[in-house]
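Numbering (my numbering), first residue to last: 425 to 872.
In this text, a Cβ means the ideal position worked out from N, Cα and C, and glycines have one as well.
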């Protein structure tokens with residue numbers, strides 16, 4: 425502000441301040457102020473006094489420059505940096521929560537496997553298990569928010585699950601924030617059985633999050649948001665409808681333009697819907713809007729169906745696996761005592777012999793001194809982290825398969841882990857089924 429001068433809103437104030445500044449003794453020959461025009465636009469005014477040969481003030485030379493685009497770019501850069509920091513914070517929180525949830529989910533599963541539980545105790549354990557699974561889903565959304573995506577990392581995407589995740593990710597906006605102001609906003613899902621699409625779930629989720637937030641903002645007095653999915657010929661369709669204030673034809677013409685916004689200053693960057701359209705177009709799809717003033721708006725996404733795609737069905741709920749693994753010797757390298765205990769208990773339930781060590785350096789020494797069928801290796805540890813242990817194990821020609829067990833979850837790609845010599849990745853929080861699957865995949869299905 426010292427360089428640019430004060431911010432003023434009244435053109436007359438701007439004019440008066442400029443003349444007063446240039447009339448001062450020992451004045452600066454060049455001054456600069458900013459004017460916020462009612463449009464709103466940000467104008468930078470350059471003014472300098474004109475003097476005659478007798479050093480008498482005879483006038484002013486003034487030039488205005490529209491710097492609105494520059495200011496919006498600056499705001500977006502600031503917002504981008506905030507989002508980057510928030511992403512790092514979310515990733516760290518998710519990691520710590522996953523370690524805690526690993527113990528809660530693991531022990532509740534083990535306790536549920538016991539016979540002769542009273543109905544009350546069994547029901548209590550089921551509630552703990554259900555609540556911890558819900559918390560794990562929240563953590564996964566945090567990790568998805570913090571994880572950058574690559575447009576080349578294509579996968580089969582469950583559109584219905586993306587819709588659920590996007591709606592849940594925006595709950596704070598349409599439920600908590602609205603509730604604090606005494607406003608009721610409701611949401612509903614009308615999801616059909618639709619095939620996979622090929623794309624990036626995180627990018628599509630980001631598009632839907634932006635559209636849902638826009639829908640919520642369009643209902644200042646409350647209303648309903650409805651997400652629908654259906655198939656239309658060779659396309660999967662997603663719509664987000666609201667019962668808000670709607671749009672004029674003029675607004676609809678510009679709604680997807682970068683930096684276009686009808687919100688007040690500092691309430692939005694005007695980039696959300698532009699980003700949403702770009703994300704949809706990355707998926708070879710289209711994003712259209714239908715709206716009338718006073719009758720709400722509906723945004724419709726259409727994305728081509730993947731060739732040979734299957735209709736997604738909800739996987740059956742599987743209980744604890746039967747103990748069919750041949751006993752093996754397993755080394756667990758983990759620094760968190762709670763996670764150590766739950767891994768030991770789960771592995772022993774599966775009939776495995778377990779040795780625990782608390783850090784990477786001791787783990788390397790133990791591998792050198794003893795023989796194991798498998799190593800379960802934590803990633804974030806003191807005295808050698810997981811990557812360092814993998815690299816040193818590779819240098820020492822250790823042949824024992826090593827599986828990373830990490831609270832960073834799906835942020836650690838299997839390909840990257842394998843490039844360091846890992847045989848697999850097991851995200852925390854652990855389930856007995858996931859642990860059994862990774863043991864079978866690594867050691868083979870060795871039934872007894």
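Exposed or buried, what is residue i when buried is set at 16 or more other beta-carbons lying within 10 Å of its beta-carbon?
i           : result
residue 523 : buried
residue 710 : exposed
residue 754 : buried
residue 818 : exposed
residue 726 : buried
residue 666 : buried
residue 672 : exposed
residue 604 : exposed
residue 543 : exposed
residue 757 : buried
residue 789 : exposed
residue 485 : exposed
residue 530 : buried
residue 805 : buried
residue 856 : buried
residue 826 : buried
residue 708 : exposed
residue 853 : buried
residue 810 : buried
Spatial neighbours of residue i within its chain, please: C-beta separation below 6 angstroms, excluding the five flanking residues on both sides.
i           : result
residue 841 : 828 and 849
residue 830 : 803 and 836
residue 769 : 534
residue 407 : A query on residue 407 cannot be resolved here, the shown segment of the chain reaching from 425 to 872 and no further.
residue 663 : 652, 722 and 724
residue 782 : 759
residue 635 : 664, 700 and 723
residue 598 : 609 and 640
residue 808 : 784 and 785
In chain order, what residues of the same chain lie with their CB nearer than 8 angstroms to the CB of residue i, ignoring the 5 residues before and after it?
i           : result
residue 578 : 622, 623 and 624
residue 739 : Residue confidence for residue 739 is low, a pLDDT of 45 falling below 50, so the modelled location carries little weight; the figure read from the coordinates is stated next. Closer than 8 angstroms at the Cβ level, and outside the excluded window around residue 739, lies no residue.
residue 594 : 633, 636, 637 and 640
residue 717 : 669, 670, 671 and 672
With a cut-off of 8 angstroms on the beta carbons, I'd call residue i and residue j a contact; round off their distance for me.
i           : j           : result
residue 679 : residue 633 : About 17 angstroms; that fails the 8 angstroms criterion.
residue 556 : residue 537 : Contact doesn't hold; Cβ gap of about 16 angstroms is too wide.
residue 820 : residue 846 : Actually they are not in contact, since the Cβ atoms of residue 820 and residue 846 sit about 15 angstroms apart, beyond 8 angstroms.
residue 527 : residue 763 : 6 angstroms
residue 609 : residue 646 : 5 angstroms
residue 729 : residue 619 : 5 angstroms
residue 560 : residue 525 : 5 angstroms
residue 698 : residue 674 : About 17 angstroms separates the two Cβ atoms, so there is no contact after all.
residue 814 : residue 844 : 4 angstroms
residue 491 : residue 466 : 5 angstroms
Got a sec? Which residues, its chain only, sit under 7 angstroms from residue i by beta carbon, not counting five neighbours each side?
i           : result
residue 497 : none
residue 703 : 627, 628, 630 and 631
Any idea which residues DSSP pairs residue i with across the strands?
i           : result
residue 777 : 753
residue 802 : 829
residue 728 : 659
residue 714 : 722
residue 653 : 615 and 662
residue 493 : Paired residues: none, contrary to the question.
residue 621 : 581
residue 546 : None, per the DSSP bridge assignment.
Return the residue from the list the options that minimises the CA-CA distance to residue i.
i           : options               : result
residue 641 : 607, 626 and 518      : 607
residue 722 : 649, 780, 601 and 480 : 649
residue 588 : 853, 468, 564 and 471 : 564
residue 469 : 488, 682 and 809      : 488
residue 669 : 661, 657 and 719      : 719
residue 859 : 811, 614 and 767      : 767
residue 867 : 832, 823 and 657      : 823
residue 660 : 581, 786, 593 and 546 : 581
residue 612 : 698, 643, 591 and 863 : 591
residue 798 : 715, 752 and 810      : 752
residue 776 : 749, 832, 765 and 795 : 749
Hey, would you say the C-beta of residue i is under 8 angstroms away from at least one heavy atom of the ligand ATP?
i           : result
residue 563 : Looking for the ligand ATP in the displayed structure turns up nothing, as the structure carries no ligands at all.
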